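In this note's numbering, the protein residues as written are 708 to 1003. Heads up, the beta-carbon is just placed ideally off N, CA and C, and yes, glycines get one too. This one's a predicted model, so the numbers in the text were calculated from it and none came from an experiment. Inspection log for the structure reproduced underneath, given as structure tokens.
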Ligand SMILES: [Zn+2]
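And the structure:
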């Protein structure tokens, strides 16, 4: 017993004397988050389904565990909107905030919904977009350790598939949009065999390019493009949740990978994700968030 006490006293001394740790991205937790969000239990996370609600509960649980504050008094933003084709969608965005040194807001977003079950196949959507949702959670973990300059609102959007409905509902709400000046969106950030990630939007906002060009990317290549009218179908300006922000005159950068063989297929699952690339990708996006937060 005495020895145990001495040991714990020593441990306490060690902890109290240890230098302040520099903030880190928890990549083990990142892999755990993408694994759980893309597991069969979530049944493909289609908006309005039980599996979607399970994914939302998981994200909400992680928000609370990391003690991020609710945004404008609530962690959830219920919406009911019509798609362009007239079908009604009821969904729920998950929102949290980390206050910065100023009250102007950067919205960091990733959609958590996917395609659900089709022909009895579960579309797990690991890259699309459990990867972005995992990235979102990892950033919260990081910014709980370092206060950002801008206030960061973390938005896990629902019903991106089939009309960017959750993001449209968010942008249409003037209370939620109060003081929002920028959007950083992540959608499909984990699946690439050439070590390449795109930062999309600098065609519209060229002043952002020099900021992003200076970002430390290690072995990963951060490419620009997919945002000009000449890109045609490969112009991704309105391809994901950053679209509604851009349309509302809010600057954005969207991070995502080139289309791949698993895109919107049942094979987009945890087992096919190159984990090292995913970890690098999230680290590079975090570096970009830090650079943008400082520069804008
Ligand atoms: Zn997506």
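Which one of the options has the shortest CA to CA distance from residue i?
i	options	result
residue 796	964, 873, 838	873
residue 788	800, 933, 846	800
residue 893	750, 835, 925, 958	835
residue 867	790, 994, 990	790
residue 857	810, 884, 900	810
residue 731	996, 990, 830, 897	990
residue 759	729, 964, 829	829
residue 779	862, 752, 823	862
residue 887	812, 900, 913	812
residue 910	926, 808, 942	942
residue 869	755, 914, 885	755
For ligand 1, I want to know if residue i counts as a neighbour, meaning its beta carbon is within less than 6 angstroms of at least one of the ligand's heavy atoms.
i	result
residue 800	no
residue 836	yes
residue 885	no
residue 894	yes
State the Cα-Cα distance for the pair residue i and residue j, rounded to the nearest angstrom.
i	j	result
residue 763	residue 956	29 angstroms
residue 786	residue 794	14 angstroms
residue 907	residue 768	31 angstroms
residue 833	residue 745	5 angstroms
residue 936	residue 953	15 angstroms
residue 959	residue 871	15 angstroms
residue 845	residue 743	14 angstroms
residue 737	residue 840	9 angstroms
residue 761	residue 825	19 angstroms
residue 996	residue 808	15 angstroms
residue 776	residue 913	33 angstroms
What distance in whole Å lies between the Cβ atoms of residue j and residue i, which are believed to be in contact at a cut-off of 8 angstroms?
i	j	result
residue 979	residue 969	6 angstroms
residue 803	residue 782	6 angstroms
residue 773	residue 842	So it is not a contact: roughly 14 angstroms between Cβ atoms.
residue 748	residue 757	Rounded, the Cβ-Cβ distance is 10 angstroms, inconsistent with contact.
For residue i, write down the residues that DSSP places opposite it in a beta bridge.
i	result
residue 776	804
residue 1005	Because the chain is modelled from 708 through 1003, residue 1005 falls outside the range shown and cannot be assessed.
residue 783	801
residue 893	962
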